[in-house]
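Peer 1: Mind the numbering: the sequence shown is residues 1 to 153 in this note's numbering, read in order.
The beta carbon of each residue, even a glycine, is placed where N, CA and C say it ideally should be.
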Amino acid sequence: MAMPPLSLSLQFGRIDALARHRAALPRHRVVRCIRHALEAPGEITVRIVDAEEGQQLNREFRGKDYATNVLTFDYAQSPMVMADLVLCAPVVAREAKELGVTLAAHYAHLLVHGTLHAQGWDHETGDEDAEAMEAREIEILAGLGVRNPYRGR
1 MAMPPLSLSL QFGRIDALAR HRAALPRHRV VRCIRHALEA PGEITVRIVD
51 AEEGQQLNRE FRGKDYATNV LTFDYAQSPM VMADLVLCAP VVAREAKELG
101 VTLAAHYAHL LVHGTLHAQG WDHETGDEDA EAMEAREIEI LAGLGVRNPY
151 RGR
């Protein structure tokens, strides 16, 4: 199965341990994760931010005053997926440690998760939708060689 084309902008803000996060997110891996989750051609920007920027964006756009792991800003779903994915480096690093997974594996999960959100998948609309989204994530991540992030939770 051919994967859809992707135009990607990968940006790193001023974050602590920049080298560690860059090593976990080489461009080819980010492209691979997103393309596996895309169902249509895409133009996506991925921005890695610090806690301050993550909190500010979450507060401004979701009304929640804390930094979260990934925010998805979707602008179009058809005929092309257009979105920004904002990942908060310190939150992702903390969660990876708590979950006992590599930073690269957790980033892969969140890139897939955010890309699904950009295409209209939503786990906050009910149990059935959450289960469907989790199942799709697990399937995509398996294809990327990443273990089920929900196992044991």
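Let's see if you can read the secondary structure: which residues bound the beta strand (DSSP E) around I140?
Peer 2: I140 -> not in any beta strand (DSSP E); alpha helix (DSSP H) instead, spanning 127-143.
Peer 1: Helix, strand or coil, according to DSSP, for R22 in the structure here?
Peer 2: Looking at R22 - three-state DSSP - the assignment turns out to be helix.
Peer 1: Would the beta-carbon of G42 fall within 7 Å of that of L10?
Peer 2: Not a contact, by the Cβ cut-off of 7 Å.
Peer 1: Buried or exposed: where does T115 fall if 16 or more other Cβ atoms within 10 Å of its Cβ makes it buried?
Peer 2: The residue in question, T115, is buried, as its Cβ has 16 or more Cβ neighbours within 10 Å.
Peer 1: Quick one: Cα of E139 to Cα of D127, how far?
Peer 2: In a straight line, the C-alpha of E139 is about 18 Å away from that of D127.
Peer 1: Tell me whether A19 is buried or exposed, calling it buried when 16 or more other Cβ atoms sit within 10 Å of its Cβ.
Peer 2: Its Cβ having fewer than 16 others within 10 Å, A19 is exposed.
Peer 1: Helix, strand or coil for I34? Go by DSSP, reduced to three states.
Peer 2: Looking at I34 - three-state DSSP - the assignment turns out to be helix.
Peer 1: Rounded to whole angstroms, what's the CA-CA distance from A2 to M80? Just pull it up for me.
Peer 2: Each residue's Cα considered, the two are about 16 Å apart.
Peer 1: What's the C-alpha gap between Y150 and L103?
Peer 2: Spanning the two alpha carbons is a distance of roughly 16 Å.
Peer 1: Compute the distance between the beta-carbons of N69 and L110, then report whether it is under 7 Å.
Peer 2: Yes.
Peer 1: Once you ignore the five residues that flank T72 on each side, which residues in its own chain have a CB closer than 7 Å to its CB?
Peer 2: These residues qualify, in order along the chain: A83, L85, G114, H117, A118.
Peer 1: Tell me the DSSP secondary structure of E60 in three-state form.
Peer 2: It is helical.
Peer 1: With Y75 as the anchor, note down where its alpha helix (DSSP H) starts and where it stops.
Peer 2: Careful: Y75 lies outside any alpha helix (DSSP H), inside the beta strand (DSSP E) at 70-76.
Peer 1: Which residue wins for smallest C-alpha separation from H21, given the options L99, P90, G100, Q55?
Peer 2: Considering only alpha carbons, the answer is P90.
Peer 1: Using three-state DSSP, classify G42 as helix, strand or coil.
Peer 2: Three-state result, G42: strand.
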